[in-house]
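Enquirer: In my numbering, the protein residues as written are 184 to 422.
Handing you a structure now.
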Ligand SMILES: N[C@@H](CCC(=O)N[C@@H](CS)C(=O)NCC(=O)O)C(=O)O
């Protein structure tokens with residue numbers, strides 16, 4: 184008998200999207216339970232599953248796992264097989280995959296959301312300089328990522344096969360491509376980042392990704408509200 188898997192998520196959450204993508208790419212059967220953030224995740228029953236009160240969380244039989252990158256490695260270990268696996272086999276290559284995944288949270292998202300959240304005030308010289316510094320920092324990070332893909336023989340971060348690394352980054356690129364263009368006039372696609380821009384095209388064509396992606400209109404609607412209340416600074420994703 185198959186062990187049931189419940190996936191607690193919210194369609195607006197990029198971290199939950201990571202695990203949704205891993206479930207789809209690994210062709211796992213699961214039950215999707217939508218969690219209303221600020222409400223369901225504050226309940227005792229959800230706190231008993233995940234003391235951090237965050238999505239994604241999964242319950243696989245009696246096993247509960249949370250933290251998107253940890254959930255995704257668990258899914259690979261349990262459901263990956265010789266045909267479909269989202270982690271490389273070689274320990275050295277696995278280590279590189281983990282370094283890149285960790286970087287998506289410790290560097291890329293922080294840098295991108297800090298730039299997006301910075302309110303430029305053209306009348307203040309300092310503010311203009313700060314905005315430029317944040318943009319340059321982001322451009323450097325994007326170049327690093329472009330170079331990381333360029334080091335491999337394939338279109339993906341780990342080479343020819345899609346992996347958890349691609350899955351860790353794509354939900355944030357989805358949001359940033361739209362939000363930075365709208366609020367910062369910053370178009371990732373117009374930069375000379377051949378590997379990264381090719382990766383964005385290749386990822387956009389994946390069936391699993393197409394099932395999980397948010398429309399540009401929805402991103403703008405949601406992020407307008409978030410930026411109005413300085414949400415990204417409040418939750419610590421932006422500095
Ligand atoms: N580090 C966590 C971050 C997850 C996270 O922050 N999720 C947000 C939604 S995008 C959440 O559940 N927030 C709780 C809340 O809004 O109350 C992960 O990778 O899973």
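Beta carbons: idealized from backbone N, C-alpha and C, even for Gly.
Is it right to say residue 200 is buried, meaning 16 or more other beta carbons lie within 10 angstroms of its own, or is it exposed?
Expert: Counting Cβ neighbours within 10 Å, residue 200 comes out buried, since at least 16 surround it.
Enquirer: Using the C-alpha atoms, what's the distance from residue 382 back to residue 353?
Expert: So the alpha carbons of these two residues sit roughly 10 Å apart.
Enquirer: Kindly indicate which three-state DSSP category residue 421 falls into: helix, strand or coil?
Expert: Residue state, collapsed to three classes: coil.
Enquirer: Flag this pair as yes or no: are the beta carbons of residue 351 and residue 297 separated by less than 8 Å?
Expert: For residue 351 and residue 297, no; Cβs fall outside 8 Å.
Enquirer: Would you grab the beta carbon distance between residue 254 and residue 239 for me? Rounded to a whole angstrom, and I think it's under 8 Å.
Expert: At roughly 5 Å, the Cβ-Cβ gap stays under 8 Å, so residue 254 and residue 239 are in contact.
Enquirer: What's the gap between the Cα of residue 411 and the Cα of residue 265?
Expert: Cα to Cα, residue 411 sits roughly 47 Å from residue 265.
Enquirer: Please work out which residues of its chain come closer than 6 Å, Cβ to Cβ, to residue 213, disregarding the five sequence neighbours upstream and downstream, and give them in chain order.
Expert: Cβ neighbours of residue 213 beyond the five flanking positions: 188, 190 and 206.
Enquirer: Distance, Cα to Cα, residue 209 vs residue 369?
Expert: Cα to Cα, the separation comes out at about 34 Å.
Enquirer: Are the beta-carbon atoms belonging to residue 237 and residue 420 less than 8 Å from one another?
Expert: The answer is no: Cβ separation not under 8 Å.
Enquirer: Check whether the Cβ of residue 376 lies closer than 7 Å to any heavy atom of ligand 1, and answer yes or no.
Expert: Residue 376 Cβ: outside cutoff for every heavy atom of ligand 1.
Enquirer: According to the Cβ coordinates, are residue 177 and residue 376 closer than 8 Å?
Expert: No statement about residue 177 is possible, as the shown extent of the chain runs from 184 to 422 and does not include it.
Enquirer: Given a threshold of 16 other Cβ atoms within 10 Å of its Cβ, counted over all protein chains shown, does residue 184 qualify as buried or as exposed?
Expert: Result: exposed.
Enquirer: Evaluate the contact criterion for the stretch 277-287 versus the stretch 334-348: three or more CB pairs, one atom per stretch, below 8 Å.
Expert: Touching, yes.
Enquirer: Taking only runs that begin and end inside the stretch 288-336, name each unbroken alpha helix (DSSP H) of 4 or more residues, in chain order.
Expert: You should have 292-300 and 308-333.
Enquirer: Would residue 341 and residue 271 qualify as a contact pair, given that the criterion is a beta-carbon distance under 8 Å?
Expert: In contact: residue 341 and residue 271 (Cβ atoms closer than 8 Å).
Enquirer: Should residue 242 be labelled buried (16 or more other beta-carbon atoms within 10 Å of its own) or exposed?
Expert: With 16 or more other Cβ atoms within 10 Å, it is buried.
Enquirer: Quick one: residues in its chain with C-beta nearer than 6 Å to the C-beta of residue 329, no 5 flanking neighbours on either side, listed in chain order?
Expert: The residues are 376, 378 and 379.
Enquirer: Can residue 197 be considered in contact with ligand 1, in the sense that its beta carbon sits closer than 7 Å to one or more heavy atoms?
Expert: Yes; taking the cut-off as 7 Å, the Cβ of residue 197 has a heavy atom of ligand 1 nearer than that.
Enquirer: Between the C-alpha atoms of residue 277 and residue 304, what's the straight-line distance to the nearest angstrom?
Expert: Roughly 44 Å between the two C-alpha positions.
Enquirer: Measuring CA to CA, which of 192, 186 and 196 is closest to residue 406?
Expert: Taking only the C-alpha atoms, the option nearest residue 406 is 196.
Enquirer: Is residue 193 near ligand 1, with its Cβ less than 7 Å from a heavy atom?
Expert: Indeed, a heavy atom of ligand 1 lies less than 7 Å from the Cβ.
Enquirer: Flag this pair as yes or no: are the beta carbons of residue 311 and residue 258 separated by less than 8 Å?
Expert: Going by C-beta atoms, residue 311 is not nearer than 8 Å to residue 258.
Enquirer: Given a threshold of 16 other Cβ atoms within 10 Å of its Cβ, counted over all protein chains shown, does residue 228 qualify as buried or as exposed?
Expert: Answer is exposed; the Cβ neighbour count stays below 16.
Enquirer: Exposed or buried, what is residue 224 when buried is set at 16 or more other beta-carbons lying within 10 Å of its beta-carbon?
Expert: Flag for residue 224 reads buried.
Enquirer: Going by DSSP in three states, residue 188 sits in which element: helix, strand or coil?
Expert: In the structure shown, residue 188 sits in a strand (DSSP, three-state: E or B).
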